[in-house]
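Numbering (UniProt numbering), first residue to last: 1 to 78. Where is the CB? At the ideal position from N, CA and C, for every residue including glycine. Just so it is clear, the structure is predicted and the values come from calculations on it, not from any experiment. Beneath this line is the structure, given in structure tokens, with notes to follow.
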Amino acid sequence: MPEIQFTHELDTSGLLCPEPVMMLHGKVKELTTGDILRVVATDPSTTRDIPKFCQFLSFPLLAQEQQDDIFIYYIEKK
Numbered sequence: 001m002p003e004i005q006f007t008h009e010l011d012t013s014g015l016l017c018p019e020p021v022m023m024l025h026g027k028v029k030e031l032t033t034g035d036i037l038r039v040v041a042t043d044p045s046t047t048r049d050i051p052k053f054c055q056f057l058s059f060p061l062l063a064q065e066q067q068d069d070i071f072i073y074y075i076e077k078k
């Protein structure tokens, strides 16, 4: 996968549902249109919750990957 250039990062490592999505909701309010947010998580439930969050708010989920027990998401603010 080509490296995605991101403008902001949110590390939710060690946090469990619902905290990662709550933090994500707060973070996207700080972003401007076109910003790309990299989210790092360790909670497996984020593989379900973050794509649904993006779909609900119509934010493109540019990429989703897993490296061992770490889940990484790239989200564009629309």
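| Query | Result |
| --- | --- |
| Which one or two residues does DSSP pair with Leu61 in a beta bridge? | Ile75 |
| Report yes if the C-beta distance between Glu76 and Gly34 is below 9 angstroms; otherwise report no. | yes |
| From the DSSP output, in three-state form, read off residue 123 for me. | Since the first residue shown for the chain is 1 and the last is 78, residue 123 is missing from the structure and cannot be characterised. |
| Let me check understanding here. Comparing Cα to Cα, which of Pro20, Gln5, Val28 lies closest to Leu57? | Val28 |
| Since Glu3 is in the beta strand (DSSP E), which residue starts that stretch and which ends it? | Run containing Glu3: none; DSSP gives neither H nor E here. |
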